[in-house]
Each structure stands twice: as structure tokens, then as C-alpha cells.
């Protein structure tokens, strides 16, 4: 328990200001809670007027921080999808498109025919590349958000499991698992039935613009799935 007598007024004010602007404290719940405990106490103190004004501004910042801490500040709309296969006897995409699920909500639909088993230790790898443009037909430039080339099973045990599986389990027949994925990834049709992806696993803050997200696969066959989306910030 912290009492007012532990600090003089100026020390408390300076401490308060420092902690608010030290971004590390926004990732430390205990320190953040301590800031909030001091908030009302500082306002009631007879501090110099310039310090009072700063405290009021900081109180507003706290409110904004609480409202949006840990939340995504953007929303997206899927525009279209595309695909490529170097050997349609091994991988074939059909009826792959962005469909209107409801007003303002667009979903992924379509089927991928995988005509071979992916097994432990084979050469099948995948990567994700992301590009951004100011306009839909503009020059798409690469941005840092990407998944480096890795075996498909490593991808499934990490990004797929953490960011995609929760959505796909309800709208596709792609694998759902606890722990690590158990090979093989079987030869079959894999179907997306109006999948609407959440923002889980993606950055909290993304710049407005048009985005192209490309899944590139290598190994027995080279194939790609390309998603085009527009991102808009919801905080102005």
C-alpha cells in the first residue's frame, strides 16, 4: 500500500508524468494499475497551476490509453483473391474468390485440391509476403510484416495455429489440432466456406492503404494464394 506521505507533491507529479510517457509501463499491468491509483490523489492536491494542467492532460491520455490499450486500431475489407499453380495436376484452385457475407463484410471462399501428401522432412515450404500501395492499381511495395520461408509443418505449428486456425475451424476442413500438428497433411480437397478472418495475430496498428498478402509455397509444386484488401484506421 502506498501512502501520500511517501512522496512530496512535486515528486509524485514528476513520477506520474514519467510513467505515463514511458511506453514500457503500458505493457506492465502492475505499474499501470499503480498509475491509476495515484490519478485521483494527484488531482486533489494543491499543485502549481501549470502542473495541474499537465495532470489533467495526462488524465485524458490515461482514458484514451484504457479505451484502446491492446486493441486493433484498424479494420479491413477483403477486395479480391487470386491464385497460381505451376502444376495443376498436383495443386489446383477453383472457385476461389471474395464473397459478400453481409453488409460491409467480405469472406474467402473456394477450394484447393492438393494431390499429394505433405510429410515430415520433405521439401515443401511456405512463406508470406506483404505489400502495400496507396491505390488499388498502384505500385505495391514490400513491408516488414512477413513470415520467412519455412517447412509447412513449422508454419502450421506457429502462424497457422496462432492466427488462422481459430477462424478456419468453423468454416473449412483444414486441420484443427492441439499441441503440434501430426503429419501428414493429406491429399484431398481443402475448402473455404465464407471464412471471415479476425485480426488476431496481426499488428495492432497498420497504415491506411491497399494491401496484397501473398502465400508462396515451394517443393513438389510451386503455388500461391494472393489476397487483396483495403485497410482503414478507425481512430482519427
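Numbering (this note's numbering), first residue to last: 25 to 260. Glycine included, C-beta positions come from ideal geometry on N, C-alpha and C.
- A Cβ-Cβ distance of about 5 Å is found for the pair residue 234 and residue 254, placing them in contact under the 8 Å criterion.
- Cβ neighbours of residue 252 within its own chain (closer than 6 Å, five residues either side excluded): 103, 104 and 236.
- Residue 213 is positioned such that its CB atom lies closer than 7 Å to that of residue 135.
- A direct Cα-to-Cα measurement between residue 106 and residue 160 gives close to 14 Å.
- Annotation: residue 154 is outside any alpha helix (DSSP H); the continuous beta strand (DSSP E) that includes it extends over 149 to 157.
- The beta carbon of residue 229 sits closer than 6 Å to those of 97, all from its chain and outside the five residues before and after it, given in chain order.
- For residue 189, the enclosing alpha helix (DSSP H) begins and ends at 189 to 192.
- Per DSSP, reduced to three states, the secondary structure at residue 171 is strand.
- The continuous alpha helix (DSSP H) containing residue 176 extends over residues 176 to 179.
- Around the beta-carbon of residue 186, fewer than 16 other beta-carbon atoms lie within 10 Å, marking it exposed.
- Residue 248 is bridged by DSSP to 108 and 240.
- Within the same chain, and ignoring the five residues on either side of residue 209 in sequence, the residues whose Cβ sits closer than 6 Å to its Cβ are 142.
- No Cβ-Cβ contact shorter than 7 Å links residue 137 with residue 177.
- Cα atoms of residue 151 and residue 240: separation of roughly 5 Å, rounded to the nearest angstrom.
- The beta carbon of residue 257 is closer than 7 Å to those of 97, 98 and 232 in its chain, skipping five residues each way along the sequence.
- Judged by beta-carbon spacing, residue 171 lies beyond the 7 Å limit of residue 156, meaning their Cβ atoms are not closer than that value.
- In the three-state scheme derived from DSSP, where H, G and I count as helix and E and B as strand, residue 117 is classed as strand.
- Counting only the Cα atoms, residue 146 lies some 19 Å from residue 113.
- Comparing alpha-carbon positions, the option among 174, 121 and 154 lying closest to residue 243 turns out to be 174.
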